[in-house]
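Written out below as structure tokens is the structure these notes cover.
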Amino acid sequence: PVISYTQRTWKAASGDPMHAESGYWRPRPDGSVEVVIAQSTGLTEVQTGSYDSEKKTVTLQSELIGNAAKVKQITRAFQVVDGELSYVVQMATITNSLQPHLKALLKRI
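First residue of the sequence shown? That's 1 in the UniProt record's numbering, and the numbers climb one at a time after it.
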């Protein structure tokens, strides 16, 4: 199966758009996953990783980053705990090693 993915963020106070990305997730029976993402900034990612359906986790690391000369590596980690989705995105650039870029805890509404 292939899962179509879309994500958008906006400023809470004004409603102005901030970021958007979309792509496709392809989970495999062996616990691996392949992800292709296109961001509104023009950056594209091909990521591979693994998922654990019992632990409700997904970890990804970049295999290819396109249209971003300064970005060298991106990792993403997702986990569902008590019905809430947490995620952490880390990024390495030409001047900085891999470090937290953003994180969030999403609650179902």
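We put the CB at the ideal spot given by N, CA and C, even for glycine.
Item	Value
Can a CB atom of chain B be found closer than 7 Å to the CB of ASN67?	Absent here is chain B; the protein component of the structure consists of one chain.
Curious, which full-length beta strand (DSSP E) runs of at least 3 residues does the UniProt domain "THAP4-like heme-binding" (1–108) contain?	3–10, 17–27, 32–39, 44–52, 57–66, 71–81, 84–93 and 99–106
Would you call the CB atoms of ALA77 and THR59 closer than 7 Å?	yes
To which residues of the same chain is PRO17 closer than 6 Å at the C-beta, ignoring the five residues directly before and after it?	TRP10
Per the contact definition of three or more C-beta pairs closer than 8 Å, is the stretch 43–52 in contact with the stretch 66–73?	yes
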